Each structure stands twice: as C-alpha cells, then as structure tokens.
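**Student:** The working numbering numbers the first residue of the sequence shown as 1 and each following residue consecutively.
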Amino acid sequence: MVAPRFQAGEIAWITGASSGIGLELAKKLAAEGVTVVLSARRAAELDEAAAQIQADGGAAHSLVADAADPDSIKQAARWIAKEAGRCDMVAPLAGAEYLMPLDGMSAARWNAVLSTHVVGALETVRGALAMLRNSGKRPGGQGRVALLASVAAIKGWPGQSAYAAAKGAQIAAVRSLAAELAPAGIRVNAAAAGMVRTPMYERMFARMPAEKRAQVEAAHPLGLGDPDAVADVLAFLLSSQSRWITGACIAVDGGLSIS
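1. With a Cβ-Cβ cutoff of 8 angstroms, do ALA149 and LYS167 count as a contact?
2. Which residue from ARG78, MET208, ALA231, PHE205 puts its Cα closest to that of GLY16?
3. When burial is assigned at 16 or more other CB atoms within 10 Å of the CB, is ALA43 buried or exposed?
4. To which residues of the same chain is GLY247 closer than 6 angstroms at the C-beta, ignoring the five residues directly before and after it?
5. Quick check: the Cα distance between LEU25 and GLY225, rounded to an integer number of angstroms?
6. How is THR15 classed by DSSP in three states: helix, strand or coil?
7. So, ALA162 versus ARG207, is the Cβ gap smaller than 8 angstroms?
8. What whole-angstrom Cβ distance do LEU132 and VAL90 have, given they're in contact under 8 angstroms?
9. Could you tell me which of THR198, CYS249, ILE250, LEU256 sits nearest to GLY20, measuring between CA atoms?
10. Note down, one range per segment and in chain order, each alpha helix (DSSP H) of at least 4 residues found wholly within the stretch 14 to 53.
11. DSSP three-state call for ARG203: helix, strand or coil?
12. From this set, CYS249, THR35, ALA94, ASN111, which residue's C-alpha is nearest ASP88's C-alpha?
13. Take every Cβ of the stretch 200 to 218, pair it with every Cβ of the stretch 121 to 135, and state whether three or more of those distances are shorter than 8 angstroms.
14. Are ILE11 and ALA77 touching if we call contact CB-CB under 8 angstroms?
15. Could you say which of ALA251, LEU222, ASP47, GLU45 lies nearest to LYS155 if we only look at CA atoms?
16. What first and last residue would you give for the beta strand (DSSP E) that runs through PRO92?
Structure below.
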C-alpha cells in the first residue's frame, strides 16, 4: 500500500489557478485529499475551475485576487486565515508574459511583469507565513512553498529580458527564503519550466513568426511540455516525498536547458 503524500486536513493556496499549470496542480492536490484555495483575477474562469474540481469529488474554494496588487493578496490571505483556519502549502503561480525587445519596453511594462512574478509571489508567501509556520509546528508537518520559475532565467532568449529578470529573481528568492524559513519548518523550492502549452504561452506563440515557433520547438529535445508534466513536479515539491528538499530549483523543460 502506497503511503499518502499529504496529511489529512491540509490546505493549499494556489495563485494563477484558473487555467494552465495552476489548475492542473490544483486538480492533482485535490485528488489526493488536499483542500485547494484557487486564486486568480477572472471570477468566471476561477469559479469554473473550482466547479471542475468539486465535480470530481475534490474540495475547492475560489477566491478572486490579483497577484500584482499587494492589498488584494493580503485580503485573500486574511480570508484563508479566517475561513479555512490554516494554510499548509502555497504555490504562487500567477504569471504575466511580455515578449518584447528592449527598445519596446517601458517602466510600466517592466513593473507589470516584476510586480506579478516577484512582488506578487513574495507577498503571497508573506501573507500565508504565520499559517505556514503553524503547519511546521504540527507533528510531522512542514510548511511548503513551490514557485514556478522558468528556464528563461538561465538560457537567453531575445525579447524576454523582463520575464527572464523576474524569473531569475524568483530563483534567487527561493534560495534565500529556504535558508531563512527552514528553522521554522518551512521548505521553499521551485520548478523551472521550459515552453509549456498553457494559454499564456499559446498567446505568445501566436505573435511569433512560424520560423521562430519552429526554432523554439526544436530547442526542446523532448518536445514542448504540457501543464500536467510541470504540475507533477510542483505536487512532488509540496508533498512529503520531498520532505528533505529545500532551496532547490528543478528544471522541467524537455531538455531545453541542455540543448
């Protein structure tokens, strides 16, 4: 008999959870008995995502929040603390993509990418910090954080300076937070994804010339990824199977980083 990877009654907060990797992660955790709190900006898509999980027998709550708005994140964290009473794991996956050369960027565009990926992710962790510490105090418990970084942070691509900078900051923050929070029983890790067929990347691909799309696909020896493959690794990082792992960033990129 396979031992469960999550304790009974555990709750996970996932941002960017209305579609793509966030939704796939929520489905996987819910299927293993975790109650999932889904956050995103668009209420209709968020409610539909929660309804999908509930229809499959999982426990899910939808909570509208904008990762780029610190006040919105704080309100969401307060709701979880009051209504759920605990938060054992956090996955700040909300994302914003800008594929644009440097001379087309502006301060507003830089801030849009950085505020979502860096400030938004860190504010999400900070908002849940007291609850994560409580999880680390429970017998056999740990607070767990899993971020979604990108191979763009380590492998240069034209037009991705803002996105790459944001994802590089996430990887650096993971290592610092892991060192800071380990004494409190909180683990912090990340998965660095390659090009994955999510709604965000499909929009980006649509703006690329056909020749460029072919180059991107060819750069992945194992082909482009699906959200499910990345969600599997994030679920592992949030589970007891990774209980002795912190400060790690695992490449989930179809071989892009070595091509």
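Glycine included, C-beta positions come from ideal geometry on N, C-alpha and C. All values reported here derive from a predicted model rather than from experimental measurement.
**Tutor:** In short, the structure shows the following:
1. In the sequence shown, counting from the first residue as 1, residue 149 sits at position 149. In the sequence shown, counting from the first residue as 1, residue 167 sits at position 167. Closer than 8 angstroms, so yes.
2. Looking up residue 16 in the sequence shown gives position 16. Comparing Cα positions, the closest option is ALA231.
3. Translated into positions along the sequence shown, residue 43 becomes position 43. Exposed, since its Cβ has fewer than 16 Cβ neighbours within 10 Å.
4. For this step, residue 247 is matched to residue 247 along the sequence shown. So the list reads ARG175, ALA178, once near-sequence residues are dropped.
5. If you number the sequence shown from 1, residue 25 lands on position 25. If you number the sequence shown from 1, residue 225 lands on position 225. Going by the C-alpha atoms only, they are around 15 angstroms apart.
6. For the purposes of this step, residue 15 is taken as the residue at position 15 of the sequence shown. Looking at THR15 - three-state DSSP - the assignment turns out to be strand.
7. If you number the sequence shown from 1, residue 162 lands on position 162. If you number the sequence shown from 1, residue 207 lands on position 207. Cβ distance not < 8 angstroms, so ALA162 and ARG207 don't count as in contact.
8. Start at 1 with the first residue of the sequence shown, and residue 132 comes out as number 132. Start at 1 with the first residue of the sequence shown, and residue 90 comes out as number 90. That belief holds up - the Cβ atoms of LEU132 and VAL90 are roughly 7 angstroms apart, short of 8 angstroms.
9. Your numbering for residue 20 matches position 20 in the sequence shown. Checking every option, the nearest Cα to that of GLY20 belongs to THR198.
10. 20 to 31
11. Within the sequence shown, residue 203 is the residue found at index 203, counting from 1. Helix, per DSSP.
12. Locating residue 88 in the sequence shown gives position 88, where the first residue counts as 1. Measuring from the Cα of ASP88, the nearest candidate turns out to be THR35.
13. no
14. As a first step, residue 11 is located in the sequence shown; it is residue number 11 there, counting from the start. As a first step, residue 77 is located in the sequence shown; it is residue number 77 there, counting from the start. Not a contact, by the Cβ cut-off of 8 angstroms.
15. Here residue 155 corresponds to residue number 155 of the sequence shown, with the count starting at 1. When each option's Cα is compared against that of LYS155, the closest is ALA251.
16. By one-based count along the sequence shown, residue 92 stands at place 92. It spans 89 to 92 - the beta strand (DSSP E) in which PRO92 sits, taken as one unbroken run.
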